[in-house]
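Peer 1:
Protein chains in written order, with our numbering: chain A, 325 to 583; chain B, 16 to 418.
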């Protein structure tokens, strides 16, 4: 099953896929591998696996610090792909979407990256600072190699750009729930459910939502109104608080969030 | 004073200078950048806008700045005839104010009421706080915590001018982290906020817009040298951090093929990772903070730390137009070390009675290498981008450490 199929299946079952986000290699590779294996057992439908970057402009402090922890533990993009390979070898089967800033991928070379990621067992990628306007080469290489693409859209995206984003995405479209960076928040923006319903009507791709979703109430509020729900900072925070116990704490948190 | 730059040649409609520049940002930043691009396009087509800009530069900034024959420096170096473009005499003491005023006018036309900015040495922060005070706009400046410690006086100046200075504690706690933090603020406050980026870098339209506002330096210098010497200079030397003072003076001369353009980067203590900020010596093309350009990165595409005695040159990436000028060999980029820059700082103070900014001292240091070999018919302009009052404490400490 790939990214698109996992989200389509959730839609058919009138529920939302649960999509955890963690930074690969946070706090280190061994613990990270354990966390992800536990995430699948706790009921994750799909994984968004963050590649750490030194200058993450789209992220709030929680994810920034996670990236710093991972980089100081020696994580590289190649190391992240090796992690994916190990996860597949120990029968983690949920679809995996890599979430990276574009430069590590650009540095490796788009084609090298796509082939290596695909061979490792990743299904697709979201390059957060590569908008479709600048992604022509990347998208055609991804299509050629049957590697799924995911692009962001946000509350301020114009109609015209939304059509471009939809046309360039083959896995799903990721809606950023608010004008801001990643990070937990108390309440979701008003009318988020309505906005998601309208978007779903307009897109040919499945739709996931993220940024700021952090409580069981949030998840309940959106459940069934969107094909996938991404929870990131609320999980990443648990790694920061207690790295040694993170696999247990995160698995427990997922159970609570899923209700 | 519609700018006589190479705007017709580059950037293209998508903001590319050859292969460099562009707009590499998360979707949340696309709408405000498109809004800004449209507003700037519209304004820059209007003569009245450039007249308004010119008036403020004259009455508030004190332009034009002089082009001064540096007689004693020329005699000391026994070679080229050297002129200094005196941007240090602009209000707030550096060229940064040209861009701050230009962007404040754009923000005002767009109806924005809140201005945010990043700053390294604090010069751009001071210029932005000054321009915001002049127009009664709220101002927030992001500054790396390490930079705040080494540029304490500028922090105090910004606060005196009514700005809020926010310490950035992430990453290397210097300029690149302040840029990221300003971008994060902008994403969350796009309705009322303008991000007043301080150099000719970042996502389109900033590299072009900042270049156009700074091109006043080159336009003036070209007229002044023709009036003084009846001919164009053989060389122009400017320091390059992000590269706005350099692109400002270069832009008026890019079409004059016989004028050699020289950009001077920070060589720090050695051209080794973490010890310098010379992107054209140790950097490679990549995508960083919204643009494709040369930057200092490791084999895995992570930004490397930088070092320079000059906080204003201590930045990971270089403006994309410089990357193009480098690749097509229209400009040369070289570096000088901390030691050479510090020596040049002292030299200009003693020969000309001018205390230069440590950034500008890099340009002077390069002139010290080139001028003696150039011959007496060689005509050279050094862009003296700022004054050095802010650096006196750093030099004091540096000289103390050498004894």
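The beta carbon of each residue, even a glycine, is placed where N, CA and C say it ideally should be. All values derive from a computational prediction rather than experimental measurement.
Short of 8 Å in beta carbon distance, which residues of its chain neighbour residue 561 of chain A, apart from the five on each side in sequence? Order them along the chain.
Peer 2: Excluding sequence neighbours, residue 561 of chain A sits near 386 and 508.
Peer 1: Check this for me: beta carbons of residue 156 of chain B and residue 173 of chain B, under 8 Å apart or not?
Peer 2: yes
Peer 1: Cβ atoms of residue 497 of chain A and residue 527 of chain A: under 8 Å apart, would you say?
Peer 2: yes
Peer 1: Taking the DSSP output, what are the residues bridged to residue 426 of chain A?
Peer 2: Answer is none; residue 426 of chain A lacks a bridge partner.
Peer 1: At which residue ranges does the segment 85–119 of chain B contain complete alpha helix (DSSP H) runs of 4 or more residues, listed in the order of the chain?
Peer 2: 86–92
Peer 1: With a 10 Å radius around its C-beta and 16 neighbouring C-beta atoms as the bar for buried, classify residue 565 of chain A as buried or exposed.
Peer 2: Answer is exposed; the Cβ neighbour count stays below 16.
Peer 1: Can you tell me which residues form a DSSP beta bridge with residue 250 of chain B?
Peer 2: B:275 and B:395
Peer 1: If we ignore side chains and look at the alpha-carbon of each, how far apart do residue 539 of chain A and residue 517 of chain A end up?
Peer 2: 16 Å
Peer 1: Could you name the residues of the segment 414–435 of chain A whose beta carbon sits closer than 9 Å to any beta carbon of chain B, in the order they occur along the chain?
Peer 2: 425, 426, 427, 428, 429, 430, 431 and 432
Peer 1: Is it a yes or a no for the segment 271–290 of chain B touching the segment 243–253 of chain B, going by three-plus beta-carbon pairs under 8 Å?
Peer 2: yes
Peer 1: Using 8 Å for Cβ pairs, my map puts residue 404 of chain B next to residue 108 of chain B. What's the rounded Cβ distance?
Peer 2: 7 Å
Peer 1: Would you mind sorting residue 501 of chain A into buried or exposed? The rule is 16 or more other CB atoms within 10 Å of its CB.
Peer 2: buried
Peer 1: So, is residue 243 of chain B buried or exposed, given that buried needs 16 or more other C-beta atoms within 10 angstroms?
Peer 2: exposed
Peer 1: Could you check if residue 112 of chain B belongs to the surroundings of the ligand NAP, using beta carbon to heavy atom distance under 7 Å?
Peer 2: The model on display carries no ligand, and the ligand NAP is accordingly not part of it.
Peer 1: Looking at residue 88 of chain B: is its Cβ nearer than 8 Å to the Cβ of residue 367 of chain B?
Peer 2: Taking 8 Å as the cut-off, the beta carbon of residue 88 of chain B is found closer than this to the beta carbon of residue 367 of chain B.
Peer 1: DSSP three-state call for residue 513 of chain A: helix, strand or coil?
Peer 2: coil
Peer 1: Below 8 Å between beta carbons: does that hold for residue 332 of chain B and residue 340 of chain B?
Peer 2: no
Peer 1: Starting from residue 365 of chain B, follow the alpha helix (DSSP H) in both directions and report where the run begins and ends.
Peer 2: 353–367
Peer 1: Pairs of beta-carbons, one from the segment 456–464 of chain A and one from the segment 392–410 of chain A, closer than 8 Å: are there three or more?
Peer 2: no
Peer 1: Helix, strand or coil: which one does DSSP assign to residue 219 of chain B?
Peer 2: coil
Peer 1: Just to make sure I have the definition right: I need the residues of chain B whose C-beta is within less than 9 Å of the C-beta of residue 377 of chain A. Which are they?
Peer 2: 316, 317 and 318
Peer 1: Spatial neighbours of residue 388 of chain A within its chain, please: C-beta separation below 7 Å, excluding the five flanking residues on both sides.
Peer 2: These residues qualify, in order along the chain: 380.
Peer 1: Can you tell me whether residue 171 of chain B is buried or exposed? The criterion is at least 16 other CB atoms within 10 Å of its CB, across all chains shown.
Peer 2: exposed
Peer 1: Going by Cα to Cα distance, which pick from A:411, A:360, A:428 and A:359 is closest to residue 377 of chain A?
Peer 2: A:428
Peer 1: Mind checking whether residue 261 of chain B and residue 398 of chain B have CB atoms under 8 Å apart?
Peer 2: yes
Peer 1: So, for residue 357 of chain B: in the same chain, excluding its five sequence neighbours on each side, which residues have a beta-carbon less than 8 Å away from its beta-carbon?
Peer 2: 324, 373, 376, 410, 413 and 414
Peer 1: Please compile the residues from chain A whose C-beta is within a distance smaller than 7 Å of the C-beta of residue 186 of chain B.
Peer 2: Contact of residue 186 of chain B with chain A by beta-carbon distance below 7 Å involves 378 and 379.
Peer 1: Contact criterion: CB-CB distance below 8 Å. Does residue 497 of chain A meet it with respect to chain B?
Peer 2: At a cut-off of 8 Å between C-beta atoms, residue 497 of chain A does not count as an interface residue with respect to chain B.
Peer 1: So, is residue 241 of chain B buried or exposed, given that buried needs 16 or more other C-beta atoms within 10 angstroms?
Peer 2: Under this definition residue 241 of chain B is an exposed residue.
Peer 1: Looking at the secondary structure, which residues open and close the beta strand (DSSP E) in which residue 409 of chain A lies?
Peer 2: Counting along the chain, no beta strand (DSSP E) covers residue 409 of chain A; the unbroken alpha helix (DSSP H) around it starts and ends at 401–413.
Peer 1: Which chain A residues are close to residue 147 of chain B, counting only those with a beta carbon under 7 Å from its beta carbon?
Peer 2: Simply none; closest approach about 23 Å.
Peer 1: Tell me which residue opens and which closes the beta strand (DSSP E) that residue 302 of chain B is part of.
Peer 2: That run of the beta strand (DSSP E) goes 299–303.
Peer 1: Does residue 63 of chain B pass the burial test, meaning 16 or more other C-beta atoms within 10 Å, or should it be called exposed?
Peer 2: Taking all protein chains in view, the Cβ of residue 63 of chain B is surrounded by fewer than 16 other Cβ atoms within 10 Å, so the residue is classified as exposed.
Peer 1: So for residue 19 of chain B, helix, strand or coil by DSSP?
Peer 2: In this prediction, residue 19 of chain B scores a pLDDT of 48, lower than 50, which makes its location untrustworthy; no coordinate-derived value is stated.
Peer 1: Counting beta carbon pairs with one atom in the segment 360–376 of chain A and one in the segment 419–426 of chain A, are three or more of them shorter than 8 Å?
Peer 2: yes
Peer 1: Can you round the beta-carbon distance between residue 419 of chain A and residue 476 of chain A to whole angstroms, since I take them to be within the 8 Å contact cut?
Peer 2: Actually they do not touch by this definition, with Cβ atoms about 18 Å apart.
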